[in-house]
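Novice: Chain order of the listed sequences is A and B.
Just so you know, we're using our numbering here: the first sequence kicks off at 1111 and counts up by one.
Just so you know, we're using our numbering here: the second sequence kicks off at 247 and counts up by one.
Don't be surprised by glycine CBs; every beta carbon is placed ideally from N, CA and C.
Right, I'll just put the structure down here and ask away after.
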Amino acid sequence: MRKNLVSKVIAAALTAALAMSLTACGSSSSASTTESSSGDKKTIGVIQYTTVPSLDNCYEGFVKGLADEGFVEGENLTIDFQNANAEVSTADTEAQTMAQKKYDLIGAIATPAAMSAYGACKADKIPVVFTAVSDPVSAQLVKSLDKSETICAGSSDQLPLEAQLQMIRAFLPEAKKIGVLYTTSEPNSITNLETLKELAPKYDFESIEAIGVTNSSEIAAGAESLVASGVDCINNFTDNNVVNNLPTVLQAASKANIPVFGSEEGQVYDGCLASISIDYVALGEETGKIAGKILKEKLKPEDSEIYTANEGTPFVNTDVAKTLGIEIPSEYQDGTMVTTGSNK
Amino acid sequence: MEIILGLLQVVLREGMIYGIMAMGVYITYKVLNFADLSVDGSFPLGACSAAALITAGVNPWLVCVICFLAGCIAGSVTGALHVKLHISDLMSGILVQTALYSVNMVVTSKKAVLSIFDMPTIFSTGLGGMLYNSALDQWAWVIMALIITIVVKILLDLYLKTRSGLLLRAVGSNERFVVSQGKDPGNMKIIGLMIGNGLVALSGCVLAQQKESADASSGTGMVVMALAAVIIGEAVFGKAKKLRGTTMAIIGMIIYRCCLTAAMQLGLDTIYLKALMSGLFIIALVGSRLKNERSARNVIKAAENK
């Protein structure tokens, strides 16, 4: 009898959860309709794929950019911010519920989030504004960088790899082989690697040694074998997995006394020799401005041009240069000079 | 109201598409009593193969069949590792799941994401396209998902009634019976795993066609989701003996997706989703165990009273 009661209670709890969920869908969504329908107030959704510093910076800039265009969160703008915690199925569900709520616009940070958002919003023609997508054309988010011709607009974080190679050449005049450690499941890294391979001969590099890993546990082995293959330096992309495990890469490199070049200023503060960095806050801000213009109906996503951060600024870590005995080339002495850990 | 209906569309559509996967896991976990972890690899295998084949211009319905077969092959490897090489069930699943990552990267020609936006899929051409262009709008997707899931369910139910299906069910509960019939229980296990993983891959294939893109890392968390659906379905409907296991798995998945969507709508930070899902899982597990114990006790009591 008692057992019977227990299972009845459990059944009741599950039913209640179900009922509650349905009413919850109702109540919260009715709230958002009233908001979006009243006057000039806009409601947008933002999906950030995962938590890493560069993407966090993008979001910070995105909100700033919207404010530049006169949309201030809490005043005339409601932002439904969702993080997908690096799970595609979560990003899908978030995008689809946002589309069903007929938000005025959806912001998407990083490639998988942008793809989920585009798939969900295509039918309802809700504009999607993406950022931190390296190659929006090959992801089929837009037809070309000059003119989107889809419901998507936004910005690409294609790394300034040409400037980076030029910098590596200046720092290491004798270098022949550049090593790259990347994660095979990160689309941005794969695009960047292809570009780097194409550009390398132009700066007289003989080869790019690339090692692909699948998760964080393979980083140490990957870095060791990269160093063992006799590379003259290691170059990082904005690879989430590799950047999160940067200390492991730095350790392997310092044993062989070779420098690691970063892709963002944060990595230079953490012990990379130098990098040509994109300012992700500024990138997010430009994206926010695009979103603001679309909300004001001043810009149609179909006609928009994809903003690319072509120019980066050099950051150099003087501590690392001293340890490795590398002289900072004169043309980079105007860059931002930092020391290890000085940003904390 | 419109928005509630809209959210309901999302829940039903996702619930039914992932429901195909839940049926697959029902076969391995419930029927065979085999904890199959290769699911996390065979789901993206289906999704990536679908995107690659559709890009190559293959008929979308044929793509579904090929993806099912691809999943079957993956399942047969898990089965062979377990049955022929005597590797434990968990380990065989993990090994296949890991190896499938490489296979998936080959399938997508080293791309982590594959887009098939605006290409012909089962949702945009033929029956799906006809439904979509009628006044049904987005309900067309729900109806398509329903049709596919029901057809798969009926086929699976019919199979389970055949001689081979009965033997399959016997493997999980009474292996000796299978031996007494002159059949090798090991081979039946392999067949079960093939069907299970085939269904999981089919689910990934249908989802990729609906959302028009595939991601090589989309398998994360799929085993847990499918197991939770099977167990929730059983905990809620276990009493209704007339309901088939396959039906319970689909409804379980719809309930699971409903709870998940609701939690997001209530403004729960997505970092807590995993904990919430584990909680639901535990409630359902304990619930169904208590129910089983009770029914076992009732049987004993009935026997004593005789």
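1) For residue 466 of chain B, which residues of its own chain have a beta-carbon under 8 Å away from its beta-carbon, when the five flanking residues on both sides are left out?
2) Looking at C-beta atoms only, is the number of pairs between the stretch 370 to 380 of chain B and the stretch 471 to 480 of chain B that lie closer than 8 Å three or more?
3) Given that a residue counts as buried once 16 or more other Cβ atoms are within 10 Å of its Cβ, and exposed if not, what is residue 1384 of chain A?
4) Any idea what DSSP makes of residue 1421 of chain A, helix, strand or coil?
5) I'd like to check one pair, residue 1187 of chain A with residue 1176 of chain A: are the Cβ atoms closer than 8 Å?
6) Considering Cα atoms alone, identify which of A:1168, A:1256, A:1210, A:1247 is closest to residue 1220 of chain A.
7) Which residue wins for smallest C-alpha separation from residue 261 of chain B, given the options B:550, B:521, B:513, B:505?
8) Give the straight-line distance between the Cα atoms of residue 538 of chain B and residue 292 of chain B, rounded to the nearest whole angstrom.
9) With distances taken between CB atoms, is the gap from residue 308 of chain B to residue 418 of chain B smaller than 8 Å?
10) Starting from residue 1229 of chain A, find everything on chain B with Cβ-Cβ shorter than 7 Å and list it in chain order.
11) Between the beta-carbon of residue 1404 of chain A and the beta-carbon of residue 1251 of chain A, is there less than 8 Å?
12) Skipping 5 residues on each side, what residues in its chain have a beta carbon closer than 6 Å to that of residue 1434 of chain A?
13) Hey, residue 478 of chain B and residue 501 of chain B: beta-carbon distance below 8 Å or not?
14) Could I get the ranges of all uninterrupted alpha helix (DSSP H) runs contained in the stretch 391 to 430 of chain B, with 4 residues as the minimum, in chain order?
15) Hey, which unbroken runs of the alpha helix (DSSP H) at 4 residues or more fall wholly within the stretch 1207 to 1235 of chain A?
16) Would residue 477 of chain B pass as an interface residue toward chain A - the criterion being a Cβ-Cβ separation below 8 Å?
17) Between A:1271, A:1253, A:1439, which lies nearest to residue 1283 of chain A when the distance is taken from Cα to Cα?
18) Out of curiosity, what's the CA-to-CA distance linking residue 379 of chain B and residue 289 of chain B?
19) What in chain B is Cβ-close to residue 1455 of chain A, meaning under 7 Å?
20) To the nearest angstrom, how far is the alpha carbon of residue 1328 of chain A from that of residue 1295 of chain A?
21) Measuring alpha carbon to alpha carbon, tell me which of B:255, B:323, B:296, B:448 ends up nearest residue 362 of chain B.
22) Which residues does DSSP list as the beta-bridge partners of residue 1427 of chain A?
23) Does any CB atom of chain A fall closer than 8 Å to the CB of residue 464 of chain B?
24) Within the 8 Å Cβ cut-off, does residue 1440 of chain A reach chain B?
25) By Cβ distance, which residues of its chain are closer than 7 Å to residue 1320 of chain A, with the 5 residues on each side in sequence left out?
26) Under the rule that 16 or more other beta-carbon atoms within 10 Å means buried, what is residue 1238 of chain A, buried or exposed?
27) Per DSSP, what kind of secondary structure is residue 1141 of chain A in: helix, strand or coil?
28) Determine, for residue 262 of chain B, whether the minimum Cβ-Cβ distance to residues of chain E falls below 8 Å.
29) Give the range of the beta strand (DSSP E) segment to which residue 1391 of chain A is assigned.
30) Could you name the residues of the same chain whose beta carbon sits closer than 8 Å to that of residue 382 of chain B, not counting the 5 residues immediately before and after it, in chain order?
31) Decide yes or no for the touch test of the stretch 443 to 454 of chain B against the stretch 305 to 323 of chain B: beta carbon pairs closer than 8 Å, at least 3 of them.
32) Rounding to the nearest angstrom, what Cα-Cα distance links residue 254 of chain B and residue 468 of chain B in this structure?
33) Use the C-beta contact count for residue 332 of chain B: other C-beta atoms within 10 angstroms, 16 or more gives buried, fewer gives exposed.
34) Does DSSP put residue 1382 of chain A in a helix, in a strand, or in coil?
35) For residue 495 of chain B, count the other beta carbons within 10 Å of its own beta carbon; 16 or more makes it buried, fewer makes it exposed. Which is it?
36) Would DSSP call residue 1267 of chain A helix, strand or coil?
Specialist: Let me lay it out:
1) 286
2) no
3) buried
4) coil
5) yes
6) A:1168
7) B:505
8) 35 Å
9) no
10) 457, 458, 459
11) no
12) 1369
13) yes
14) 409 to 419, 421 to 426
15) 1221 to 1231
16) no
17) A:1439
18) 30 Å
19) Since the displayed chain A opens at 1111 and closes at 1454, residue 1455 of chain A lies outside it and no answer follows.
20) 13 Å
21) B:296
22) A:1448
23) yes
24) no
25) 1290, 1292, 1303
26) buried
27) Only weak support exists for where residue 1141 of chain A lies, its pLDDT of 42 falling under 50; the coordinates are left without a value.
28) Reference to chain E is not applicable here, since the protein chains of this structure are A and B.
29) Careful: residue 1391 of chain A lies outside any beta strand (DSSP E), inside the alpha helix (DSSP H) at 1390 to 1405.
30) 389
31) yes
32) 21 Å
33) exposed
34) coil
35) buried
36) coil
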